[in-house]
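A.B. asks: Residue numbers (the numbering used here), protein chains in the order written: chain P, 3 to 265; chain V, 410 to 666; chain R, 2 to 232.
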Amino acid sequence: MSQETIAQILKEYIYQSLTEKKRTDGRELYEYRQIQIEPGVIEVAEGSARVHLGNTDVLAGIKIATGEPFSDTPDVGVLTTNAELIPMASPYFESGPPNPKSIELSRVVDRGLREGEVIDLKKLCIEPGEKVWIMFLDLHILDYDGNLFDAGALASVAALASTKVPASQYELGDDFQLPIKNWPVMTTFAKIKDVTVLDPSLEEEKVADARLSIYTDQDGHVRAMQKGLNGGFTLDEVKDMVKKSEEKGKELRKILMDAVGGA
Amino acid sequence: MGMKSDIKLIDKKGLRLDGRKPDELRPIKIEAGVLKRADGSAYLEWGKNKVLAAVYGPREAHPRHLQDSSKAIVQCRYNMAPFSVSDRKRPGPDRRSVEISKIISEALENVVMTELFPRSSIDVFIEVLEANAGTRCAGLTAASVALADAGVPMRDLVVACAAGKIEDTVVLDLGKEEDNFGQADVPLAIVPRTGELVLLQMDGDLKQEELFKAMEMAMNASMQIYEIQKDALRRRYAVVAEEEKDEIDSAQEEAKT
Amino acid sequence: MNEEKPSVKRELVLPGEVVDTTGLRPGVGTYAENGTIYAAQLGIKNISKNYVNVFPLNGRYIPRYGDKVIGIITEAGASSWLVDINSPYPAPLHVNDVPWKVEFGNTPAYLKVGDTVLVKIDGVDEAKHVRVSMKEQGLRKLSGGNIIEIPASKVPRVIGKGGSMINLLKEHTGCRVFVGQNGRIWIDGDVDGIALAIRAIKKIDEEAQTIGLTDKIREFLEKESENIRRN
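(1) What would DSSP say about R/V96, mapped onto helix, strand or coil?
(2) Determine the burial state of R/Y32: buried for a count of at least 16 other Cβ atoms within 10 Å of its Cβ, exposed for fewer.
(3) Kindly indicate if chain R contains any beta-carbon less than 8 Å away from that of P/I194.
(4) Alpha helix (DSSP H) containing V/A569: first to last residue?
(5) Is DSSP giving P/E206 helix, strand or coil here?
(6) Which two residues bound the contiguous beta strand (DSSP E) that contains R/H173?
(7) Can you tell which of P/T83, P/K183, P/L214 has its C-alpha closest to the C-alpha of P/Q220?
(8) When Cβ atoms are compared, which residues of the region 3 to 33 of chain P fall closer than 7 Å to chain R?
(9) Of all the CB atoms in chain V, is at least one closer than 8 Å to the CB of R/N228?
(10) Could you give the C-beta distance for V/P562 and R/Q42, rounded to a whole number, given that I count them as a contact under 8 Å?
(11) Using a Cβ cut-off of 9 Å, pull out every chain P residue sitting near R/S144, in sequence order please.
(12) Please work out which residues of its chain come closer than 6 Å, Cβ to Cβ, to V/A364, disregarding the five sequence neighbours upstream and downstream, and give them in chain order.
(13) What did DSSP end up calling P/R29 once you bin it into helix, strand or coil?
(14) What residues of chain V sit near P/F138, judged by a beta carbon separation below 8 Å?
(15) Where in the region 62 to 144 of chain P do unbroken runs of the alpha helix (DSSP H), each at least 4 residues long, occur, reported from the N-terminal end onward?
(16) Could you list the residues in the region 71 to 88 of chain R with a C-beta less than 7 Å from some C-beta on chain P, going in chain order?
(17) So what does DSSP say about R/F221, is it helix, strand or coil?
(18) Whole angstroms are fine: how far does the CA of V/A559 sit from the CA of V/E662?
(19) Determine the closest residue to V/K585 out of V/F621, V/V554, V/P601, V/A540, with distance taken between C-alpha atoms.
(20) Check this for me: beta carbons of V/R644 and R/G17, under 8 Å apart or not?
(21) Taking beta-carbon pairs under 8 Å, can you tell me which members of the region 29 to 43 of chain R lie near chain V?
(22) Counting only beta-carbon separations shorter than 8 Å, does R/R219 have a partner in chain P?
(23) Quick one: what's got a C-beta closer than 6 Å to R/V29's C-beta in the same chain, skipping five residues either side?
(24) Whose C-alpha, out of V/A641, V/A451, V/A571, V/K639, is nearest the C-alpha of V/P431?
(25) From the DSSP secondary-structure annotation, give me the bridge partner or partners of P/Q38.
(26) Here's the rule: buried if 16 or more other CB atoms are within 10 angstroms of the residue's CB, otherwise exposed. What is R/T108?
(27) R/I188 and R/L119: beta carbons closer than 8 Å?
(28) Relative to the alpha-carbon of V/D577, which residue among V/L620, V/Q610, V/G604, V/R602 has its alpha-carbon at the smallest distance?
(29) Which partner residues does V/M624 have in the DSSP bridge list?
(30) Closest by CA to P/A210, which one among P/S108, P/G222, P/A192, P/D140?
(31) Distance, Cα to Cα, V/D594 vs P/V80?
(32) Is R/K162 closer than 8 Å to R/D206 when the C-beta atoms are compared?
(33) With DSSP collapsed to three states, give me the class of V/K665.
(34) In whole angstroms, what separates the C-alpha of P/T218 from that of R/E225?
(35) For P/G49, name the three-state secondary structure that DSSP assigns.
(36) Within 10 Å of its beta-carbon, does P/E22 have 16 or more other beta-carbons around it, so buried, or fewer, so exposed?
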């Protein structure tokens, strides 16, 4: 990935505004950009969803096949997550093998889906030890304007919730809706000097010192976290963000469930 | 080309599986300027194909050894999303997409005024989000709209379309089953102003007169698609055209002072 | 400027479309073939004197001699800096072209990577090698304030007819605003003023399509500056 030189004035200006509790796009410190979730956009995929988070645009697609389970979990289905930061999305993304940034994104999104038990994987076993349903979740980043984590997580859960398992194609009975168990959502904070903001824009990400992503479920439990960048957080800051994450997670979850018609 | 099948691709009335006549295109929809970060972009639906194209540049060519001191290079990356086809496609370039990227780059290079931007690169990204036969034509057609949207100087747009043969009949714009079970496919692209062919491929089995018929059919249809391309660009810029003029004049005055 | 108005149609043209067959001369954004002139890019057709031009509505900044642009230092070498001027071509700034006496190897003492500078395009050769200079009154390192980027082709919109738009911005935000020809805009003032100016410029960028933009922006600025005063 090529490097971008960040203008020093940008960082100073963003920080100065934040100390007055103002963001350059007019948002509150803990306010999300506009969120738009559109499930079922790719007909040929078993499940899909496109998410706009401000100008960030992410498409998640799900393909399903049958295959062998992992030997240590012979009776559950398999979910694999992959993310591509395609060069269309940003002048600084390049083609080529997955880079650390896309690998971190896919692993963090995946961790929350797994630990948050979005899907009841037990119901996706066809024959223990022999055959299970395998789901490939691919995140395609189309337009990058910051906070791919939250957009990616929303798109993933929305796509999964819209997924039909193509059982009839494999002569394994009727097609069925993927059994959704939980609704984990991720909220990401960025820290610029000593101020934290929710849902960092690209500009804020560029000048951020530290980042924290927190996955919470509908009971307010924390299911996965990831700290990024070379800056640090205090314990109090983390506690505060976890609380905010639960609160903001409720808003996100409502938008998500309304969009996919979740129970 | 295709395998044998029992599927009847043309019915007694001479209509095709999706009800089209032999010389009928699938519905095509184009929207220009759909992405924020890219310098230019276009979204295109062609039948069940869904394709996004984005353009960045002219920008510094990377890696440096690719730079040409006399002109810009046009670098296209055609890529299929893993979920765009029935069986998941492994992410990343395969031999097919490398070849398609190359011929699309060459077709676009024909119209882009590369001589104006020595040492730079004009990068064209085509993402096939959903594939249903004919994605290279869809991708090239979208890419040319994205280039114009990016304000890249070019002599003309490029339009692509395919024709082929199914059940011994020459037909326009093969659909998925027709592509799988048909006898030949001829994707091509033209520069509408001159009618010059800038992309041409063929596979299958055609008599010479069938080939020429197919090419003429695809070239005629390209002119219809060209209108859709222009319409997409006009819709995006229509209102700007209404009032921009004066400001350009005064800004150019401003720049002088 | 005299008020003699040539018969101008605000006509949108697309690459490859015919813009003249009457014997005018090909101007910017056009090309000629066998006596016919065609548009070489998407833009607005303009006839001025006996030239036909196509002014772009979109596109990258291409450096021209004499343009004043806002650059960001990306490298500090022994006797020159490299400046990103938002164009396909990064531009060297030589120590001889700055208003200070810089000793060999001491460039970072004057300009560091990440610093923002107001410079002039001092030379563009055929292979598009660009040189920039800071040796002219007003050219300097910029500190404080903020910079934002818009497509260079929209610079005319931010300046407005006879400078109407930029004056509107300055008036309502109390900021100093400098619009670089390369689409970078530097704004300095208090935090509220800068924030408002940025929002207004983004609005200009996003709503470039709408009719009556100047009035719309005036309304926006009046309403928003009122809000700020009240708070």
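For glycine and all other residues, C-beta sits at the position ideal for the given N, C-alpha and C.
C.D. replies: Looking at the atomic coordinates:
(1) Residue state, collapsed to three classes: helix.
(2) Under the 10 Å beta carbon count, R/Y32 is surrounded by 16 or more other beta carbons and is classified as buried.
(3) No - not a single Cβ of chain R is within 8 Å of the one on P/I194.
(4) Careful: V/A569 lies outside any alpha helix (DSSP H), inside the beta strand (DSSP E) at 568 to 575.
(5) Reduced to three states, the DSSP call for P/E206 is helix.
(6) Premise fails: R/H173 lies in the alpha helix (DSSP H), 165 to 174, not in any beta strand (DSSP E).
(7) Shortest Cα-Cα distance from P/Q220 to any of P/T83, P/K183, P/L214 involves P/K183.
(8) Close to chain R, meaning a Cβ-Cβ distance shorter than 7 Å, are the following residues of the region 3 to 33 of chain P: T7, I8, A9, Q10, I11, L12, Y15, Q18, S19, E22, K24, T26, G28.
(9) With its beta carbon at least 8 Å from every one in chain V, R/N228 lies outside the interface.
(10) Contact holds; Cβ gap of about 5 Å.
(11) At a beta-carbon threshold of 9 Å, the residues of chain P lying near R/S144 are Q10, I11, E14, ordered along the chain.
(12) Nothing about residue 364 of chain V can be read from this structure; chain V reaches only from 410 to 666.
(13) Note: P/R29 maps to coil in three-state DSSP.
(14) What P/F138 touches in chain V: P491, F492, R497.
(15) Qualifying alpha helix (DSSP H) stretches, in chain order: 102 to 117.
(16) I73, T75, D85: these are the residues of the region 71 to 88 of chain R whose beta carbon lies less than 7 Å from some beta carbon of chain P, given in chain order.
(17) Reduced to three states, the DSSP call for R/F221 is helix.
(18) For V/E662, the pLDDT reaches just 40, beneath the cut-off of 50, and the residue's location in the model is therefore unreliable, leaving the point undetermined.
(19) Answer by Cα proximity: V/A540.
(20) No, the Cβ-Cβ distance between V/R644 and R/G17 is not below 8 Å.
(21) Listed by position, the residues of the region 29 to 43 of chain R near chain V (Cβ gap below 8 Å) are G30, Y32, Y39, A41, Q42, L43.
(22) It does not; no Cβ of chain P falls within 8 Å.
(23) Contacts found: N54.
(24) Considering only alpha carbons, the answer is V/A571.
(25) For P/Q38, DSSP records a beta bridge to P/H54.
(26) Label assigned to R/T108: buried.
(27) No.
(28) Ranking the options by Cα distance to V/D577, first place goes to V/L620.
(29) As computed with DSSP, V/M624 is found in no beta bridge at all.
(30) It is P/A192.
(31) Between V/D594 and P/V80, the C-alpha separation is close to 39 Å.
(32) Not in contact: R/D206 and R/K162 (Cβ atoms no closer than 8 Å).
(33) Per-residue confidence for V/K665 stands at a pLDDT of 37, beneath the threshold of 50, marking its modelled position as unreliable; the derived number appears in the next sentence. V/K665 carries a helical assignment under DSSP once its states are collapsed to helix, strand and coil.
(34) C-alpha separation (whole angstroms): 37 Å.
(35) Of the three classes helix, strand and coil, the one that applies to P/G49 here is strand, per DSSP.
(36) The residue is exposed, with fewer than 16 neighbouring Cβ atoms inside 10 Å.
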